[in-house]
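Residue numbers (full-length UniProt numbering): 1 to 131. Note that CB positions come from ideal geometry on N, CA and C, so glycine has one too. Data first, discussion second: the structure below is written as structure tokens.
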């Protein structure tokens, strides 16, 4: 395990063992106890496993995903207006990150539908001077 100032990164071996434990049907508390990891981390991995199986646990946080407006809106409406749980919408729409669902709901509450539209990222392109 490599520790940084604010977060922990777990080796592939630990994540593989976690996926095996979850495949056996054990829950996040058993996972936390056996691997000596925080229960919050075990809970996140268990939710990711429920959504995407072993691959979601092994690759958690490895790549940045960009979701389209329609998917975000459907997730938020199911969560807020239809009363589904975070876990239910994660599984239904294949979103492995609980924090993504929660942040979309927060954005929707504060800024409405417009807040869910993807905004351009990065540096603005410079105009090239023509010679």
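Within the same chain, show all residues whose beta-carbon is closer than 8 Å to that of residue i, passing over the 5 residues directly before and after it, in chain order.
i: residue 80; result: 105, 108, 109
i: residue 1; result: Reliability of the predicted coordinates at residue 1 is poor, the pLDDT of 49 falling under 50, and the value obtained from them is presented with this limitation in mind. Hits under 8 Å: 8, 9, 10, 11, 14.
Give me the Cα-Cα distance between residue i and residue j, rounded to the nearest whole angstrom.
i: residue 54; j: residue 95; result: 14 Å
i: residue 57; j: residue 126; result: 40 Å
i: residue 36; j: residue 23; result: 18 Å
i: residue 121; j: residue 65; result: 14 Å
i: residue 111; j: residue 34; result: 42 Å
i: residue 16; j: residue 82; result: 35 Å
From this set, the options, which residue's C-alpha is nearest residue i's C-alpha?
i: residue 90; options: 113, 58, 49, 127; result: 49
i: residue 77; options: 47, 116, 31, 122; result: 116
i: residue 10; options: 85, 41, 74, 112; result: 41
i: residue 43; options: 118, 111, 59, 98; result: 98
i: residue 69; options: 30, 124, 119; result: 119
i: residue 67; options: 38, 87, 103, 39; result: 103
i: residue 51; options: 87, 100, 123, 101; result: 87
Below 7 Å CB to CB, which residues in the same chain sit around residue i once its five sequence neighbours on both sides are set aside?
i: residue 20; result: none
i: residue 27; result: 46
Am I right that residue i and residue j are in contact with their C-beta atoms under 8 Å? What's the rounded C-beta distance?
i: residue 73; j: residue 113; result: 6 Å
Whole runs of the alpha helix (DSSP H) within the segment 51-99, excluding any shorter than 4 residues: Counting only runs of 4 or more, we get 69-80, 86-93.
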